[in-house]
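S.K.:
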Amino acid sequence: MELRRSGSALQGDVFIDSDNLDDLDKLFDFVAQDTQTLVVLCSAELFHRPWCVGEVTTAHKQKLNVVPLYLNDYQPLSDEFVENIHHVVDLRCVYEQGIQLDNIQKALLWMRSLGGLAMPS
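Sequential numbering of the sequence shown, starting at 0, is according to numbering that gives the first Met the number 0.
1) For residue 38, which three-state DSSP category applies?
2) With a Cβ-Cβ cutoff of 8 Å, do residue 70 and residue 51 count as a contact?
3) Please classify residue 66: is it buried, with 16 or more other beta-carbons within 10 angstroms of its beta-carbon, or exposed?
4) Check for me: the alpha helix (DSSP H) holding residue 65 runs from which residue to which?
5) For residue 63 versus residue 38, is the C-beta distance shorter than 8 Å?
6) Can you give the Cα-Cα distance for residue 32 and residue 78, rounded to whole angstroms?
7) Using the three-state DSSP reduction, which class does residue 116 fall into: helix, strand or coil?
8) Roughly how far, in whole angstroms, is the beta-carbon of residue 110 from the beta-carbon of residue 55, given that I think they are within contact range, below 8 Å?
Below you can see the structure in the form of structure tokens.
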């Protein structure tokens with residue numbers, strides 16, 4: 000699904016990562032090179048998905064504008080989770096793309112510090 004919103008402050012293409020999962024190797028490149036603002040739908044399972052972790056880490060490394068949208072089931076990341084993510088989540092596919100554990104951990108701590116928007120109950 001590609002969306003276009005015109006006549007407002009937001010103009011241009013909106014890319015939803017689930018729309019183009021044919022070549023996951025290019026996903027982080029798209030975030031790094033073709034994204035101005037990354038809206039992150041923060042659910043309870045978000046950081047248990049390695050490709051989502053990679054997208055957020057890429058956005059952090061590229062200093063992109065990131066807007067978290069906190070869904071009702073989201074719980075803030077604990078220090079323990081951030082420190083031990085490599086024991087909880089299989090990050091091999093992210094490592095294969097050149098993303099390192101210390102960058103992931105920095106990005107998760109950064110993500111935790113961002114404001115954002117909460118979905119109403």
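Where is the CB? At the ideal position from N, CA and C, for every residue including glycine. Values in this document were obtained by computation on a predicted structure and should not be read as measured data.
M.R.: Let's see:
1) strand
2) no
3) exposed
4) That residue, residue 65, is in no alpha helix (DSSP H); its beta strand (DSSP E) goes 64-69.
5) no
6) 30 Å
7) strand
8) 6 Å
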